[in-house]
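Working notes, beginning with the structure itself.
Residue numbers (UniProt numbering): 1 to 296.
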């Protein structure tokens, strides 16, 4: 990775943190607005977490405000097909002071929520085909933890279809889908508690390249397990992480859902390896430590 590319990602992260710090009140957005356009700087084949562009509409609240929007745009909740154990994240969650158990265990608080884009939808006369995109989050709403588990957006999955799908429903960003999953069918009243966003076992190569560059700059050969490495949000390393697809998705979730979350910002970022059974690579995981923004 060139120094120019790295500096560009740092600059994007700095812009996103500035957006989160802005005191401008959120305004309703519309599904057809330009803020739903994927960033042209991110290749769809590499970025399954594509998010809106940095533009003046950034602080407009998302148009997607009800859990029922998921079904409206073709996302059907299904039992997760991928067996999952909480063990890889046990030390991390214990370190954060929150429950680490799956909700299938006694008193466990972590629920897996899984939606697949299996239904075409007709929105204002436009038919959007299914893409087989899928979004899986692990949610502990009681203690304010959102864990991104396995996510492939319509942009990523659409190019794998035969024939290729290049028309996506307005609801297609991870930040919007994950928020609606976190909101849940009860549409809990605002403000929702959200203290940590965890991006688990990241396999997005854009994000991995940046994390490898950060480690290389520090002379670190192997990504450590929990407690990993902390970066204060003012640091260049944290800003670089925020500028990645996985970091920017987390920032957009906070920026465009203020009516439910309140004004939130990121205090620090932790990068670590959560060892999964059968891992062939030390896939990085991230924790975004959230705080209430000033004036929020």
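The beta-carbon is built from N, C-alpha and C at its ideal position, and this holds for glycine as well.
Measuring straight from C-alpha to C-alpha, what distance separates residue i and residue j?
i           : j           : result
residue 99  : residue 93  : 6 angstroms
residue 205 : residue 285 : 13 angstroms
residue 233 : residue 294 : 15 angstroms
residue 96  : residue 250 : 18 angstroms
residue 289 : residue 145 : 10 angstroms
residue 181 : residue 137 : 8 angstroms
residue 187 : residue 256 : 17 angstroms
residue 247 : residue 106 : 33 angstroms
residue 261 : residue 267 : 16 angstroms
residue 115 : residue 244 : 24 angstroms
residue 19  : residue 263 : 11 angstroms
residue 203 : residue 124 : 35 angstroms
residue 76  : residue 224 : 37 angstroms
residue 47  : residue 207 : Residue placement at residue 47 cannot be trusted, given a pLDDT of 39 that sits under 50; what the coordinates show is reported in the next sentence. Their backbone Cα atoms lie some 9 angstroms apart in a straight line.
residue 167 : residue 118 : 14 angstroms
Quick one: what's got a C-beta closer than 6 angstroms to residue i's C-beta in the same chain, skipping five residues either side?
i           : result
residue 198 : 147 and 287
residue 135 : 115, 151 and 177
If distances are taken between C-alpha atoms only, which option among the options comes closest to residue i?
i           : options               : result
residue 163 : 18, 131 and 67        : 131
residue 89  : 76, 21, 150 and 275   : 275
residue 194 : 237, 258 and 85       : 258
residue 156 : 142, 143, 172 and 141 : 172
residue 272 : 13, 84, 241 and 139   : 241
residue 189 : 21, 7, 66 and 13      : 66
Given residue i, which residues of its chain have a CB within under 8 angstroms of its CB, disregarding the five upstream and five downstream residues?
i           : result
residue 220 : 229
residue 121 : 72, 73, 74, 127, 128 and 169
residue 28  : For residue 28, the predicted structure reports a pLDDT of 46, less than 50, and the residue's modelled location is therefore unreliable. A value from the coordinates is still provided. Excluding sequence neighbours, residue 28 sits near 60, 61 and 63.
Near residue i, which residues of its chain fall below 7 angstroms by C-beta distance, leaving aside the five closest residues on each side in sequence?
i           : result
residue 200 : 89, 147, 148, 149, 274 and 285
residue 86  : 100, 101, 102 and 110
residue 140 : 98, 99, 109 and 110
residue 80  : 112, 114 and 136
Open item on the list: Any contact between the segment 210-225 and the segment 176-185? By contact I mean 3 or more CB pairs, one from each, below 8 angstroms.
Closed with: no
Task: Those runs of the beta strand (DSSP E) which lie wholly inside the segment 116-141 and span at least 3 residues - done: 121-123, 126-128 and 134-140
TODO: Quick one: which unbroken beta strand (DSSP E) runs of 3-plus residues sit fully inside the segment 252-286? Chain order, please.
DONE: 264-273
Task: Continuous beta strand (DSSP E) assignments of at least 3 residues falling wholly in the segment 148-234 - done: 196-199 and 229-232
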